[in-house]
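Per this note's numbering, the first sequence starts with residue 52, numbered consecutively.
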Amino acid sequence: MKNNLFIYNTLTRKKEEFKPLNPKHVGLYVCGPTVYGDPHLGHTRPAITFDILFRYLKHSDYKVRYVRNITDVGHLESDGDTGEDKIAKKARLEELEPMEVVQYYTDRYHSYMDQLNVQKPSIEPRASGHIIEQLQIVEDILAKGLAYESNGSVYFDVEAYNKDHHYGELSGRNIEDLLSTTRELDGQSEKRNSFDFALWKKAAPEHIMRWPSRFSEGFPGWHLECSAMSARYLGTEFDIHGGGMDLLFPHHECEIAQSTVCNGHTPAHYWMHNNMITIDGQKMGKSLGNFITLEQMFSGEHEKLEQAYSPMTVRFFIMQAHYRSTLDFSNEALQASQKGLDRLLEAFGKLDQLTASDASTFSVQELKDKCYAALDDDINTPILIAHLFDAVKNINSMLAEKATLTSSDLSELKALMQNMVVDILGLSAAESNSSEGNDELLSETINLLLNLRIDAKANKDWGTADKIRNELQALGVEIKDTKDGFDWSIK
RNA sequence: GGUUCCUUGGCCGAGCGGUUAGGCACUGGUCUGCAAAACCAGGUACGGCGGUUCGAGUCCGCCAGGAACCUCCA
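Here is the structure:
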């Protein structure tokens with residue numbers, strides 16, 4: 052299947068037609084989490100955004116290699132490059148081996164991603180497993196004269212790089228701005244310029260995570276891992292690089308500078324950045340401490356949460372906004388998403404009950420074209436969802452015998468809904484309503500009661516009929532009367 | 001301070017110069033024993049002030065308010 056995908060490229064600030072380097076293959080690299088804390092709502096944004104891209108590319112018959120890293124080394128605590136490694140700090144506090152912390156939070160991250168129905172990337176490399184590759188890049192940049200050694204650490208020489216290249220091309224900055232706006236921080240005496248960034252850092256005595264190198268016992272600079280791992284698994288030139296907008300500068304800018312020195316060109320053709328999730332109008336983030344973890348979202352145990360929200364509700368909530376817009380958290384918005392999702396999945400589940408007619412009263416082809424057009428337009432999931440609600444309306448109209456489809460149109464509709472709802476958006480009915488665990492006995496019991504209610508209704512015994520309905524509802528069984536009987540589900 | 005971006009109906013959220021976005025909530029109707037669900041119908045929004053244009057949430061300028069990045073952050 053051919054698509055006509057356009058994606059917004061941060062590099063050019065325009066929507067561009069997506070043309071992969073190799074006609075049938077796509078290389079996709081996305082910055083993954085730093086595993087020193089529990090995943091929160093903010094982490095779902097890139098995970099879900101690029102999950103949909105991944106799914107859509109595969110749906111379009113590309114062979115996709117999706118690489119999403121785990122950062123388990125090298126992130127420094129505040130105060131520029133003088134702080135201590137985040138993971139090492141956490142480890143000391145909890146008296147754990149650093150890798151124990153990494154393992155724990157990596158497992159947690161995976162578990163929550165599974166619940167959100169985020170597909171696993173093709174490769175999930177760890178920074179700590181690629182120290183050699185990172186050191187090779189350090190050597191390469193040093194050899195090309197664009198880095199310097201200082202007191203056992205190695206720094207990238209931004210000023211020298213900027214003579215032949217534009218440091219800031221991705222984030223729209225220039226070196227003069229950076230000079231005038233960078234603050235004076237302590238411990239920067241090792242650097243020639245405040246905007247230089249570390250390629251290798253000598254480890255302080257208390258620093259636990261360290262590796263030997265010819266410069267010092269130390270650890271790689273943060274920006275290096277993505278350059279090293281993307282090159283290793285996708286090549287020095289690949290299609291798409293994604294991540295959160297907050298990584299645009301300096302992280303991705305530095306990545307570009309490093310890779311450009313080593314390979315002579317930018318690593319990725321398309322740079323995609325998802326926007327932030329906000330809470331009370333402010334970015335939800337670790338440093339601000341205003342985040343809600345996924346554990347809290349799913350359990351409802353947080354002061355800002357009026358109730359628990361299922362993973363599918365969270366997923367749907369994320370998709371109802373375009374990935375490049377901020378999305379504000381609120382209970383009202385989540386509750387609206389939950390209801391909308393229920394309605395969508397309810398209709399989806401009823402597709403099998405539809406029967407064909409001689410004629411079609413609405414155009415499935417048109418619906419299909421609109422759905423693909425929405426996806427092709429920079430993965431516009433809110434528009435896609437709007438079209439899916441048109442489908443919901445049509446499905447319900449058919450159930451009410453107010454609309455019809457020919458048998459070929461009907462199978463088209465079923466295929467389309469399967470493709471869009473399940474394959475691409477990754478929504479699953481099983482996750483949404485907890486109808487699991489309603490075993491045979493329970494089902495038969497409820498059926499028995501509802502059949503008794505039918506009898507009561509036939510006898511115009513409204514008291515008994517309403518009692519059965521109300522008490523079942525109080526127990527969480529949702530009852531819908533239909534033309535030829537009843538329909539129920541467990542809430 | 002520098003750079004970039006945002007401000008849409010009760011709420012959330014699309015929109016990229018000219019036709020109803022959509023969801024949730026609300027109101028009326030149909031259906032129902034009554035409900036629920038579903039269907040039909042309804043409200044006509046675009047921060048303020050100018051400008052460009054036959055025509056502007058949509059382009060330009062100014063003003064007001066808010067945010068992100070400039071330090072780790074998805």
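Beta carbons: idealized from backbone N, C-alpha and C, even for Gly.
Can you check DSSP and say which residues form a bridge with residue i?
i: Leu378; result: Ile328
i: Phe289; result: Ala319
i: Ala198; result: Phe207
i: Ala249; result: Tyr206
i: Ser458; result: In the DSSP output, where bridge partners are listed per residue, Ser458 has none listed.
i: Asp538; result: Lys531
i: Val118; result: Tyr80, Ile174
With DSSP run on the structure shown, which of helix, strand or coil describes residue i?
i: Leu426; result: helix
i: Pro271; result: strand
i: Asn9; result: The structure shown has nothing for residue 9, since the chain only spans 52 to 542.
i: Tyr87; result: coil
i: Tyr107; result: helix
i: Arg64; result: coil
i: Tyr113; result: coil
i: Arg96; result: helix
i: Asp123; result: coil
i: Asn470; result: helix
i: Gly294; result: strand
i: Asn314; result: helix
i: Asn225; result: coil
i: Val189; result: helix
i: Lys334; result: strand
i: Ile174; result: strand
i: Asn73; result: strand
i: Asn484; result: Residue placement at Asn484 is poorly supported in this model, since its pLDDT is 42, which falls under 50; the coordinates still yield a value, given next. Asn484: coil per DSSP, three-state reduction.
i: Asp237; result: With a pLDDT of only 46 at Asp237, under 50, the local geometry of the prediction cannot be trusted, and no value is derived from it.
Where does the unbroken alpha helix (DSSP H) through residue i begin, and where does it stop?
i: Trp513; result: 513 to 525
i: Val81; result: Not the alpha helix (DSSP H): Val81 falls in the beta strand (DSSP E), residues 76 to 81.
i: Asp158; result: 149 to 166
i: Asp506; result: 491 to 509
i: Phe367; result: 362 to 370
i: Thr412; result: That residue, Thr412, is in no alpha helix (DSSP H); it is neither H nor E in DSSP.
i: Glu346; result: 345 to 350
Could you check how far apart the C-beta atoms of residue i and residue j are, in whole angstroms? I think they sit under 8 Å.
i: Tyr360; j: Asn325; result: Contact flag wrong, Cβ pair sits at about 20 Å.
i: Thr599; j: Thr85; result: With the chain running from 52 to 542 in the structure shown, residue 599 is simply not present.
i: Ser278; j: Glu241; result: 22 Å between Cβ atoms; not a contact.
i: Ala198; j: Tyr206; result: 6 Å
i: Asp393; j: Phe57; result: Wrong, their Cβ atoms sit about 32 Å apart, outside the cutoff.
i: Leu269; j: Ser204; result: The sequence shown places Gly at residue 269, not Leu. Gly269 to Ser204, Cβ: 7 Å. Contact.
i: Ile519; j: Leu493; result: With 8 Å as the limit, Ile519 and Leu493 do not qualify as a contact, their Cβ atoms being about 16 Å apart.
i: Thr311; j: His216; result: 6 Å
i: Val79; j: Val118; result: Going by the sequence as given, residue 79 is Leu instead of Val. Right, their Cβ atoms sit about 7 Å apart.
i: His181; j: Met335; result: Going by Cβ atoms, the distance from His181 to Met335 rounds to 30 Å, so no, they are not a contact pair.
i: Asn120; j: Gly83; result: 5 Å
i: Leu378; j: Ala372; result: 4 Å
i: Met260; j: Asp136; result: 6 Å
i: Leu186; j: Ser267; result: The pair is not a contact, with the Cβ atoms about 12 Å apart (cut-off 8 Å).
Hey, quick one: how far does the beta strand (DSSP E) through residue i stretch, first residue to last?
i: Asn60; result: 57 to 60
Between residue i and the ligand NAD, is the CB less than 7 Å from at least one heavy atom?
i: Pro90; result: Among the components modelled here there is no ligand, and therefore nothing to report on the ligand NAD.
Review point. Between the stretch 276 to 293 and the stretch 218 to 233, do three or more beta carbon pairs fall short of 8 Å?
Key: Verdict: no, contact absent.
Review point. So, do the stretch 292 to 306 and the stretch 171 to 186 have three or more beta carbon pairs nearer to each other than 8 Å?
Key: Judged by Cβ distances under 8 Å, the stretch 292 to 306 makes no contact with the stretch 171 to 186, as fewer than three pairs qualify.
Check your understanding: Touch check for the stretch 61 to 77 and the stretch 89 to 99: three-plus C-beta pairs under 8 Å?
Key -> No: the two stretches stay apart, fewer than three of their Cβ pairs being nearer than 8 Å.
Point to revise | Stretch pair the stretch 334 to 345 + the stretch 399 to 406: three plus CB contacts closer than 8 Å | key: Contact between the stretch 334 to 345 and the stretch 399 to 406 is absent, because fewer than three Cβ pairs lie under 8 Å.
Check your understanding: How do the stretch 138 to 157 and the stretch 347 to 356 stand: do at least 3 beta-carbon pairs fall below 8 Å, yes or no?
Key -> Contact between the stretch 138 to 157 and the stretch 347 to 356 is absent, because fewer than three Cβ pairs lie under 8 Å.
Check your understanding: At a cut of 8 Å, does the stretch 154 to 170 reach the stretch 351 to 367 through at least three beta carbon pairs?
Key -> Short answer: they touch.
Practice item. Evaluate the contact criterion for the stretch 452 to 469 versus the stretch 405 to 425: three or more CB pairs, one atom per stretch, below 8 Å. Key: Under the 8 Å Cβ criterion, the stretch 452 to 469 counts as touching the stretch 405 to 425, having at least three qualifying pairs.
**Study point:** Inter-stretch contact at 8 Å, needing at least 3 Cβ pairs: the stretch 408 to 416 / the stretch 470 to 477
**Key:** No: fewer than three Cβ pairs fall under 8 Å.
Review point. If we count Cβ pairs, one from each stretch, closer than 8 Å, do we get three or more for the stretch 267 to 274 versus the stretch 209 to 216?
Key: The stretch 267 to 274 vs the stretch 209 to 216: no contact.
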